[in-house]
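These notes are about the structure you will find just below.
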Amino acid sequence: MSDSKKPHRREQILQALALMLEEDSGKRITTAALARQVGVSEAALYRHFPSKARMFEGLIDFIEESLFARITRILEDVPDAIGRCGTILTLVLGFAEKNPGLARVMHGDVLTGETARLRQRVHQLFERLEMQLKQVLREAEIKEGRRPTITASAAANLLIAQAEGRIAQYVRSDFKRLPTEHWEDQWAVLSEPLLRDIPQPA
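For the sequence shown, the working numbering assigns the number 28 to the initial residue and increments by one for each residue that follows.
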């Protein structure tokens with residue numbers, strides 16, 4: 028294999044960390060164990076990441092880039108607010124389901140005992156998702172003549188709480204309770220009263 032086809036060592040380290048988070052659910056990941064998983068020395072790890080916190084930041088960066096690149100395409104491809112919100116939430120749940128190790132990062136349990144900065148990064152990730160949903164709901168008034176039955180802020184918070192709760196269930200069940208389980212039926216119930224037509228003046 029040519030050098031150009033070899034995965035970068037940084038990517039190997041992050042992939043190994045995500046795999047360990049999935050396979051060693053509930054255990055604290057040490058740099059010594061991670062180095063063994065990658066097949067390098069701890070010193071080699073620190074040449075690519077100055078701390079374990081930076082490794083976790085690398086995973087959070089990957090989560091953000093993956094989700095928001097796809098959300099940009101959703102906003103381009105899906106015209107209506109309900110469709111956009113449903114597709115965004117399905118994306119978040121499906122991403123967590125396909126990446127159990129990263130679901131633990133999104134849930135935050137694996138960050139217990141780590142630097143507070145990491146937990147703040149995850150908090151900001153979900154705040155950013157919530158803001159995106161809020162923007163979609165607000166735009167429905169202009170584009171579709173419909174508005175949320177509760178405030179856009181409250182509606183967006185309700186939707187993101189659903190996603191966070193389902194990811195938490197997934198992690199707590201050791202990845203047995205899938206985030207997308209029953210989601211299609213539940214989304215139908217959640218979305219039906221979400222928007223109402225704006226009354227037209229007589």
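Note that CB positions come from ideal geometry on N, CA and C, so glycine has one too. Fair warning: this is a prediction, and the values are worked out from it, not measured in the lab.
Problem - Where Arg193 falls: helix, strand or coil (DSSP) - result: On the sequence shown, position 166 is the one that residue 193 refers to. Arg193: helix per DSSP, three-state reduction.
Practice task
Let me know the alpha helix (DSSP H) ranges lying completely inside the stretch 138-171, each 4 residues or longer, listed in chain order.
Solution key: For the stretch 138-171, whole alpha helix (DSSP H) runs of length 4 or above, ordered along the chain, are 143-171.
Handout entry: Beta-bridge partners of Leu222, as assigned by DSSP
Key = Within the sequence shown, the letter at position 195 stands for residue 222. The secondary-structure analysis by DSSP pairs Leu222 across a beta bridge with Pro175.
Problem - Three-state secondary structure (DSSP) of Ile56 - result: Within the sequence shown, the letter at position 29 stands for residue 56. Ile56 falls in the coil class under three-state DSSP.
Exercise for the section: Locate the alpha helix (DSSP H) running through Gly121, then write down its first and last residues. Expected result: Within the sequence shown, the letter at position 94 stands for residue 121. Per DSSP, the continuous alpha helix (DSSP H) segment holding Gly121 begins and ends at Ala108 to Lys125.
Problem - Collapsed DSSP secondary structure at Lys79 in the structure displayed - result: Stepping through the sequence shown from its first residue, residue 79 is reached at position 52. It is helical.
Practice task
Select from Arg193, Arg36, Leu48 and Thr176 the residue whose C-alpha is nearest the C-alpha of Gly128.
Solution key: The count along the sequence shown starts at 1 and reaches residue 128 at position 101. Nearest of Arg193, Arg36, Leu48 and Thr176 to Gly128, Cα basis: Leu48.
Practice task
Give the DSSP-derived three-state secondary structure of His35 in the structure shown.
Solution key: Here the question's residue 35 lines up with position 8 in the sequence shown. Looking at His35 - three-state DSSP - the assignment turns out to be coil, as it is neither helix nor strand.
Exercise for the section: For Phe202, name the three-state secondary structure that DSSP assigns. Expected result: Indexing the sequence shown from 1 puts residue 202 at position 175. Secondary structure of Phe202 (DSSP, three-state): coil.
Problem - Cβ-based neighbour list, Arg100, same chain, cut-off 6 Å, excluding 5 preceding and 5 following - result: By 1-based counting over the sequence shown, the position of residue 100 is 73. Contacts found: none.
Practice task
Please look up how many angstroms separate the CB atoms of Pro220 and Ala123, rounded, as I've assumed it's under 8 Å.
Solution key: By one-based count along the sequence shown, residue 220 stands at place 193. By one-based count along the sequence shown, residue 123 stands at place 96. Not confirmed; about 26 Å, so no contact.
Problem - Contacts around Arg223, its chain only, beta-carbon distance under 6 Å, and the 5 residues preceding and following it disregarded - result: Along the sequence shown, one-based indexing puts residue 223 at 196. Correct list, in chain order: Thr176.
Handout entry: Cβ distance (whole Å) where Val137 is taken to contact Ile87 below 8 Å
Key = The count along the sequence shown starts at 1 and reaches residue 137 at position 110. The count along the sequence shown starts at 1 and reaches residue 87 at position 60. Not a contact, Cβ separation roughly 11 Å.
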